Amino acid sequence: MSHSSSWSSKIGFVLAAAGSAIGLGAIWKFPYTAGTNGGAIFVLLFVIFTIIVALPVQLAEFYIGRTGGKNAIDSFKTLRPGSLWPWVGRIGVAACFILLSFYSVVGGWVLNYVVHSFTGEIAPNVDFGALFEKQFPTRQVRFFIKGCSC
5 MSHSSSWSSK IGFVLAAAGS AIGLGAIWKF PYTAGTNGGA IFVLLFVIFT IIVALPVQLA
65 EFYIGRTGGK NAIDSFKTLR PGSLWPWVGR IGVAACFILL SFYSVVGGWV LNYVVHSFTG
125 EIAPNVDFGA LFEKQFPTRQ VRFFIKGCSC
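Next comes the structure, spelled out in structure tokens:
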């Protein structure tokens, strides 16, 4: 396969890059984390360290993708033939599958709450923690939610 696809618009590329860089976890818990860790100074340090750490990694990813012009594994094979670098691409693909399983579960929770809100099962003064524990009563899920709750 010598044909590689490219982005049809710059805004689509920027939105996809921002979505992959930010992630659902950061959106979900960032306000709470910022509020409990110093507010504005936390946000300032977060932005500085994001630029120092994440920007070079993101630029390297863009360079590898644009130069290789193929998928993650084949781009590393093209850039460094005969090395172990294609394993970095394989690990990246595996990480995407793991993240997909996380997003599928969270998407199911969101869909569940949307359906319950439209059917009237969620009243305005309902305790969401109790509702969630009733629907997902396993000890592991309760531990996860209490560890991640805002």
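Residue numbers for the sequence shown, in the working numbering: 5 to 154. The C-beta atom is built at its ideal place from N, Cα and C for all residues, glycine as well. All values derive from a computational prediction rather than experimental measurement.
Discussion item. Looking at A76: is its Cβ nearer than 7 Å to the Cβ of G96?
Written reply: yes
Practice prompt. Compare the C-alpha of K74 against each of I56, P60, G93, V57 and name the closest.
Written response: G93
Worksheet item: Could you give the distance in angstroms between the alpha-carbon of F80 and the alpha-carbon of V109?
Response: 31 Å
Item to complete: Quick one: which unbroken alpha helix (DSSP H) runs of 4-plus residues sit fully inside the region 36-119? Chain order, please.
Response: 44-53, 59-72, 76-83
Discussion item. For G69 and D78, which I take to be in contact (beta-carbon distance under 8 Å), what is that distance rounded to the nearest angstrom?
Written reply: Their Cβ separation, rounded to whole angstroms, is 11 Å, which puts G69 and D78 out of contact at 8 Å.
Worksheet item: For I26, which of helix, strand or coil comes out of DSSP?
Response: helix
Item to complete: Could you give the DSSP three-state label for S121: helix, strand or coil?
Response: helix
Worksheet item: Can you tell me whether DSSP reads S6 as helix, strand or coil?
Response: Only weak support is given to the placement of S6: the predicted model assigns it a pLDDT of 49, under 50, and the value that follows is read from those uncertain coordinates. Correct three-state label for S6: coil.
Worksheet item: Taking just the CA atoms, how far does F50 sit from S153?
Response: For S153, the predicted model reports a pLDDT of 47, less than 50, meaning its position is unreliable; a value from the coordinates is still stated below. Going from the Cα of S153 to the Cα of F50 covers about 21 Å.
Worksheet item: Can you tell me whether P35 is buried or exposed, with buried defined as 16 or more other CB within 10 angstroms of its CB?
Response: exposed
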